[in-house]
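Written out below as structure tokens is the structure these notes cover.
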Ligand SMILES: [Mg+2]
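Numbering (this note's numbering), first residue to last: 523 to 818.
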């Protein structure tokens, strides 16, 4: 791969299928300058863009980046941003092979990522089958807790600094699930990344696959991190609420046969015939989308 300097990046295509996505992180919509330093903006915009690639069971090859700057940023901000972007690119092994800078009214980072996956192995949202298990790779709710901490004006009672820090870090510096995607691509029947909240993204997968996703309460309980429990309590909500309806987790939600569950994936429930997203209560199903309830 040959990078910045010429008018286009030159990519030598492997014999795989290629996946290609684009993602915007915009001041006002995705972040506030008061809540995120330049390093945070660089890290988060990059990982948020990368996240769509493992969601297809693919590995990222390279990225290009469009940076919009406003009069609110100075040279020090730009230097810190550039340094952090170089570090996150090195850490993930995904080179930034091109970019462009413009000036506007707000700060924004648009990142396009190219990835590769073995021929015909790309994971779609539409492949989930009844009797598949639901898998989670990554954490849920911590980023939403971090956001709520930033939105809260008051001091949080009974929360340790370390617990607060875990949530803020999850919000400011999320990590795309780049680790185990090759294996996942071989065994999963469907996948997407959780960026708009578990229930909302699960409903997209359920709809695309024409199935119902059923979460088991014990499994949901098991994935709640202790930090999430104590911060949620202090925020006057529940850890489960944050895990189910929070956002910006950049975890992967996948489905596949239970016998093939990959290392690092945690089972959250199962797929069955029907439509929608539910929590199992014995043989009953409680809809997580609107409280609708029916017998199984
Ligand atoms: Mg996505």
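Note that the Cβ used here is the ideal one computed from N, Cα and C, for glycine as well. These numbers were taken from a predicted model, which means no experiment stands behind them.
Per the CB criterion, closer than 5 Å to any heavy atom of ligand 1, the qualifying residues run in chain order as 574 and 715. For residue 787 and residue 591, the gap between their C-alpha atoms comes out near 39 Å. One Cα belongs to residue 544, the other to residue 606, and the distance between them is close to 20 Å. The beta carbon of residue 536 is closer than 6 Å to those of 638 in its chain, skipping five residues each way along the sequence.
Of all alpha-carbon atoms in 652, 677 and 632, the one lying nearest the alpha-carbon of residue 758 is that of 677.
Where residue 726 is concerned, the enclosing alpha helix (DSSP H) starts and stops at 720-731.
Within the same chain, and ignoring the five residues on either side of residue 800 in sequence, the residues whose Cβ sits closer than 8 Å to its Cβ are 734, 735, 736, 737, 807, 808, 809 and 810. Between residue 700 and residue 680, the alpha-carbon positions lie close to 34 Å from each other. Here DSSP, grouped into helix, strand and coil, assigns residue 773 to strand. The residue from 769, 603, 793 and 765 with its alpha-carbon nearest to that of residue 778 is 793. Fully contained in the stretch 608-658 is no alpha helix (DSSP H) run of length 4 or more.
Taking every protein chain shown into account, the CB of residue 711 has 16 or more other CB atoms within 10 angstroms, so this residue is buried. Spanning the alpha carbons of residue 571 and residue 697 requires a straight line of approximately 10 Å. Put simply, the stretch 625-634 does not touch the stretch 745-754. Fewer than three CB pairs are less than 8 Å apart. When the beta-carbon positions are compared, residue 587 and residue 621 come within less than 8 Å of each other.
Rounded to the nearest angstrom, the Cβ distance from residue 764 to residue 663 is 4 Å, consistent with a contact under 8 Å. Here residue 764 carries a helix assignment [DSSP, helix/strand/coil]. Residue 557 carries a coil assignment under DSSP once its states are collapsed to helix, strand and coil. Straight-line spacing of the CA atoms in residue 666 and residue 573 works out to 17 Å. For residue 708, the enclosing alpha helix (DSSP H) begins and ends at 703-709. Taking the CA atoms as reference points, residue 583 sits about 19 Å from residue 646.
For residue 603 against residue 564, the beta-carbon gap comes to about 5 Å, under 8 Å, which counts as contact. In this structure residue 769 touches residue 717 by the C-beta definition: roughly 6 Å separates them, less than 8 Å. Counting the other CB atoms within 10 Å of its CB gives residue 581 a total of 16 or more, which places it among the buried residues. Within its own chain, the residues whose Cβ lies closer than 6 Å to the Cβ of residue 585, once the five positions on either side in sequence are excluded, are 616, 618, 633 and 635, listed in chain order. In the three-state scheme derived from DSSP, where H, G and I count as helix and E and B as strand, residue 737 is classed as strand.
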